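Novice: Quick one: structure below, then a few questions.
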Amino acid sequence: MVGRNLVIAVDGPAASGKGTLARRLAAHYGLPYLDTGLLYRMVARAMLDAGQRLEDAQAAEATAAGFDETGFDEAVLRGREIGEAASVVAAIPGVRRALIDRQRQFAAAPGGAVLDGRDIGTVICPQATVKLFVTATPEVRAARRHKELAGRGDTASFEGILADIRRRDARDSGRGDAPLKAAEDAILLDTSALGVDEAFAAALSIVEKRRAA
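Below is the structure:
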(Lines of atoms letter the chains of each structure in order from A and count residues from 1; the text may use other names and numbers.)
(Lines give C-alpha, C1' and ligand atoms only; values in the text may rest on other atoms or scores of the structure.)
Protein backbone atom coordinates (compact mmCIF):
# COMPACT_ATOMS: atom_id res chain seq x y z
CA MET A 1 0.00 0.00 0.00
CA VAL A 2 1.13 3.51 -0.76
CA GLY A 3 1.17 6.06 2.04
CA ARG A 4 -1.32 8.87 1.77
CA ASN A 5 -0.50 11.58 -0.75
CA LEU A 6 2.79 10.28 -2.09
CA VAL A 7 3.61 12.91 -4.72
CA ILE A 8 6.80 12.35 -6.68
CA ALA A 9 8.16 15.23 -8.76
CA VAL A 10 10.62 14.25 -11.47
CA ASP A 11 12.31 17.14 -13.27
CA GLY A 12 15.13 17.33 -15.77
CA PRO A 13 16.15 18.27 -19.31
CA ALA A 14 15.12 16.53 -22.51
CA ALA A 15 16.18 12.88 -22.92
CA SER A 16 17.61 12.67 -19.41
CA GLY A 17 15.53 9.57 -18.70
CA LYS A 18 13.05 11.33 -16.42
CA GLY A 19 9.99 10.07 -18.30
CA THR A 20 11.06 6.43 -18.17
CA LEU A 21 11.85 6.71 -14.47
CA ALA A 22 8.60 8.51 -13.68
CA ARG A 23 6.51 5.89 -15.49
CA ARG A 24 8.26 3.04 -13.70
CA LEU A 25 7.92 4.73 -10.32
CA ALA A 26 4.22 5.28 -10.97
CA ALA A 27 3.75 1.62 -11.90
CA HIS A 28 5.72 0.46 -8.86
CA TYR A 29 3.65 2.50 -6.41
CA GLY A 30 0.36 2.15 -8.24
CA LEU A 31 0.03 5.89 -8.79
CA PRO A 32 -1.29 7.90 -11.75
CA TYR A 33 1.41 9.38 -13.97
CA LEU A 34 1.48 12.62 -15.96
CA ASP A 35 4.06 13.61 -18.53
CA THR A 36 3.52 17.36 -18.26
CA GLY A 37 5.65 17.98 -21.33
CA LEU A 38 2.86 16.44 -23.41
CA LEU A 39 0.58 19.33 -22.41
CA TYR A 40 2.98 21.82 -23.99
CA ARG A 41 3.31 19.59 -27.04
CA MET A 42 -0.49 19.59 -27.35
CA VAL A 43 -0.57 23.38 -27.27
CA ALA A 44 2.12 23.55 -29.94
CA ARG A 45 0.39 20.94 -32.13
CA ALA A 46 -2.94 22.72 -31.86
CA MET A 47 -1.36 26.02 -32.85
CA LEU A 48 0.45 24.51 -35.82
CA ASP A 49 -2.75 22.79 -36.95
CA ALA A 50 -4.52 26.16 -36.79
CA GLY A 51 -1.77 27.87 -38.79
CA GLN A 52 -0.74 30.09 -35.89
CA ARG A 53 2.74 31.37 -35.11
CA LEU A 54 4.25 29.67 -32.08
CA GLU A 55 5.62 33.01 -30.90
CA ASP A 56 2.14 34.58 -30.85
CA ALA A 57 1.69 34.84 -27.08
CA GLN A 58 -2.00 35.78 -27.23
CA ALA A 59 -2.88 32.85 -29.47
CA ALA A 60 -0.74 30.48 -27.42
CA GLU A 61 -2.40 31.54 -24.17
CA ALA A 62 -5.88 31.12 -25.66
CA THR A 63 -4.96 27.67 -26.96
CA ALA A 64 -3.50 26.59 -23.60
CA ALA A 65 -6.64 27.73 -21.80
CA GLY A 66 -9.07 25.72 -23.90
CA PHE A 67 -7.60 22.68 -25.67
CA ASP A 68 -9.02 19.16 -25.27
CA GLU A 69 -6.37 16.70 -24.06
CA THR A 70 -8.18 13.75 -25.65
CA GLY A 71 -7.89 15.02 -29.21
CA PHE A 72 -4.24 14.18 -29.91
CA ASP A 73 -2.27 11.22 -31.20
CA GLU A 74 0.58 10.70 -28.71
CA ALA A 75 2.78 9.14 -31.39
CA VAL A 76 2.60 12.40 -33.35
CA LEU A 77 3.27 14.46 -30.23
CA ARG A 78 6.50 12.56 -29.60
CA GLY A 79 8.09 13.78 -32.84
CA ARG A 80 11.29 15.82 -32.83
CA GLU A 81 9.72 18.89 -34.45
CA ILE A 82 6.89 19.02 -31.92
CA GLY A 83 9.41 18.80 -29.11
CA GLU A 84 11.18 21.87 -30.42
CA ALA A 85 7.85 23.66 -30.94
CA ALA A 86 6.75 22.81 -27.40
CA SER A 87 9.91 24.39 -26.02
CA VAL A 88 8.97 27.62 -27.80
CA VAL A 89 5.43 27.85 -26.40
CA ALA A 90 6.61 26.73 -22.95
CA ALA A 91 8.68 29.91 -22.73
CA ILE A 92 5.49 32.01 -22.84
CA PRO A 93 4.49 32.88 -19.24
CA GLY A 94 0.77 32.94 -20.03
CA VAL A 95 0.90 29.39 -21.38
CA ARG A 96 2.58 28.13 -18.22
CA ARG A 97 0.01 29.90 -16.05
CA ALA A 98 -2.85 28.41 -18.07
CA LEU A 99 -1.55 24.87 -17.52
CA ILE A 100 -0.75 25.10 -13.80
CA ASP A 101 -4.24 24.18 -12.61
CA ARG A 102 -4.43 21.10 -14.85
CA GLN A 103 -1.18 19.83 -13.41
CA ARG A 104 -1.99 20.61 -9.78
CA GLN A 105 -5.39 18.95 -10.05
CA PHE A 106 -3.68 15.82 -11.35
CA ALA A 107 -1.17 15.90 -8.47
CA ALA A 108 -4.05 16.14 -5.98
CA ALA A 109 -5.35 12.68 -6.91
CA PRO A 110 -6.23 10.52 -3.87
CA GLY A 111 -3.11 8.70 -2.73
CA GLY A 112 -0.78 10.87 -4.77
CA ALA A 113 0.72 10.95 -8.24
CA VAL A 114 3.95 11.02 -10.22
CA LEU A 115 4.59 13.98 -12.52
CA ASP A 116 7.58 14.68 -14.70
CA GLY A 117 8.55 17.93 -16.36
CA ARG A 118 10.82 20.90 -15.86
CA ASP A 119 9.17 22.87 -13.06
CA ILE A 120 7.30 20.24 -11.04
CA GLY A 121 9.40 20.49 -7.89
CA THR A 122 9.84 24.25 -8.09
CA VAL A 123 6.41 25.51 -9.23
CA ILE A 124 3.73 22.86 -9.72
CA CYS A 125 4.30 20.73 -6.61
CA PRO A 126 6.71 22.56 -4.29
CA GLN A 127 5.41 20.43 -1.39
CA ALA A 128 5.99 17.10 -3.19
CA THR A 129 6.98 14.19 -0.97
CA VAL A 130 9.99 13.42 -3.13
CA LYS A 131 11.75 15.58 -5.70
CA LEU A 132 14.15 14.10 -8.23
CA PHE A 133 16.21 16.09 -10.70
CA VAL A 134 17.33 13.70 -13.42
CA THR A 135 20.13 14.71 -15.74
CA ALA A 136 22.79 13.38 -18.11
CA THR A 137 25.40 14.92 -20.39
CA PRO A 138 24.11 16.49 -23.63
CA GLU A 139 26.01 13.91 -25.67
CA VAL A 140 24.45 10.98 -23.82
CA ARG A 141 20.99 12.51 -24.10
CA ALA A 142 21.46 13.13 -27.82
CA ALA A 143 22.53 9.51 -28.34
CA ARG A 144 19.42 8.30 -26.53
CA ARG A 145 17.12 10.53 -28.52
CA HIS A 146 18.86 9.54 -31.78
CA LYS A 147 18.28 5.86 -30.99
CA GLU A 148 14.65 6.52 -30.04
CA LEU A 149 13.91 8.48 -33.21
CA ALA A 150 15.75 5.98 -35.42
CA GLY A 151 13.46 3.30 -34.02
CA ARG A 152 10.52 5.30 -35.38
CA GLY A 153 12.12 5.69 -38.78
CA ASP A 154 13.33 9.26 -38.24
CA THR A 155 16.62 9.86 -40.09
CA ALA A 156 17.70 12.91 -38.06
CA SER A 157 21.46 13.09 -37.57
CA PHE A 158 23.14 12.82 -34.18
CA GLU A 159 24.72 16.24 -34.70
CA GLY A 160 21.35 17.82 -35.45
CA ILE A 161 19.75 16.24 -32.38
CA LEU A 162 22.64 17.36 -30.17
CA ALA A 163 22.23 20.91 -31.45
CA ASP A 164 18.49 20.73 -30.73
CA ILE A 165 19.13 19.54 -27.18
CA ARG A 166 21.64 22.28 -26.47
CA ARG A 167 19.26 24.89 -27.88
CA ARG A 168 16.35 23.57 -25.79
CA ASP A 169 18.53 23.46 -22.67
CA ALA A 170 19.47 27.10 -23.15
CA ARG A 171 15.87 28.15 -23.81
CA ASP A 172 14.41 26.14 -20.91
CA SER A 173 17.05 27.23 -18.41
CA GLY A 174 17.13 30.84 -19.54
CA ARG A 175 13.42 31.66 -19.64
CA GLY A 176 12.27 34.19 -17.07
CA ASP A 177 9.18 32.24 -15.97
CA ALA A 178 9.66 28.87 -14.23
CA PRO A 179 13.09 28.10 -15.69
CA LEU A 180 14.44 24.57 -15.73
CA LYS A 181 16.35 24.12 -12.48
CA ALA A 182 16.56 21.74 -9.58
CA ALA A 183 14.50 22.56 -6.50
CA GLU A 184 16.64 23.29 -3.46
CA ASP A 185 15.50 20.08 -1.79
CA ALA A 186 15.64 17.89 -4.93
CA ILE A 187 17.95 14.89 -5.14
CA LEU A 188 20.20 14.93 -8.20
CA LEU A 189 20.33 11.72 -10.22
CA ASP A 190 22.85 11.67 -13.07
CA THR A 191 21.95 8.85 -15.45
CA SER A 192 24.84 9.38 -17.88
CA ALA A 193 26.52 6.09 -16.96
CA LEU A 194 23.42 4.18 -15.86
CA GLY A 195 21.27 1.71 -17.71
CA VAL A 196 17.48 1.84 -17.37
CA ASP A 197 17.33 -0.74 -14.57
CA GLU A 198 20.24 0.84 -12.70
CA ALA A 199 18.66 4.28 -12.92
CA PHE A 200 15.34 2.93 -11.68
CA ALA A 201 16.99 1.17 -8.74
CA ALA A 202 18.74 4.41 -7.82
CA ALA A 203 15.52 6.42 -8.11
CA LEU A 204 13.56 3.88 -6.07
CA SER A 205 16.19 3.99 -3.35
CA ILE A 206 15.94 7.78 -3.19
CA VAL A 207 12.15 7.63 -2.91
CA GLU A 208 12.21 5.00 -0.19
CA LYS A 209 14.79 6.88 1.87
CA ARG A 210 12.77 10.09 1.61
CA ARG A 211 9.54 8.30 2.58
CA ALA A 212 11.25 6.71 5.57
CA ALA A 213 12.56 10.09 6.69
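For what it's worth, full-length UniProt numbering labels the leading residue of the sequence shown as 1, then goes sequentially.
Positions of the beta carbon are idealized from the N, C-alpha and C atoms, including for glycine.
On a predicted model such as this, the values are computed, not experimentally measured, just so you know.
Is it true that the CB of Ala-44 sits closer than 9 Å to the CB of Leu-54?
Specialist: Locating residue 54 in the sequence shown gives position 54, where the first residue counts as 1. Locating residue 44 in the sequence shown gives position 44, where the first residue counts as 1. Cβ atoms of Leu-54 and Ala-44: closer than 9 Å.
Novice: Mapping the DSSP letters down to three states, classify Gly-112 as helix, strand or coil.
Specialist: By 1-based counting over the sequence shown, the position of residue 112 is 112. Residue state, collapsed to three classes: strand.
Novice: Compare the Cα-Cα distances from Val-88 to each of Asp-116, Gly-121, Leu-48 and Pro-126 and report the closest residue.
Specialist: Within the sequence shown, the letter at position 88 stands for residue 88. If we check each option's Cα against that of Val-88, Leu-48 comes out closest.
Novice: Three-state secondary structure (DSSP) at Ala-183?
Specialist: For the purposes of this step, residue 183 is taken as the residue at position 183 of the sequence shown. Three-state DSSP puts Ala-183 in coil, outside helix and strand.
Novice: Within this structure, are the beta carbons of Leu-6 and Gly-112 separated by less than 9 Å?
Specialist: Taking the first residue of the sequence shown as position 1, residue 6 is located at position 6. Taking the first residue of the sequence shown as position 1, residue 112 is located at position 112. For Leu-6 and Gly-112, yes; Cβs fall inside 9 Å.
Novice: According to DSSP, what are the bridge partners of Leu-189?
Specialist: By one-based count along the sequence shown, residue 189 stands at place 189. According to DSSP, Leu-189 bridges with Val-134.
Novice: Just to confirm my understanding: we take Leu-99, look at its own chain, exclude 5 residues before and 5 after, and list those with CB closer than 7 Å. What are they?
Specialist: Here residue 99 refers to the residue found at position 99 when the sequence shown is read from its first residue. Closer than 7 Å at the Cβ level, and outside the excluded window around Leu-99, lie Leu-39 and Ala-64.
Novice: Report yes or no: do three or more beta-carbon pairs, one from the segment 14–21 and one from the segment 136–156, lie closer than 8 Å?
Specialist: With the cut-off at 8 Å, the segment 14–21 and the segment 136–156 touch.
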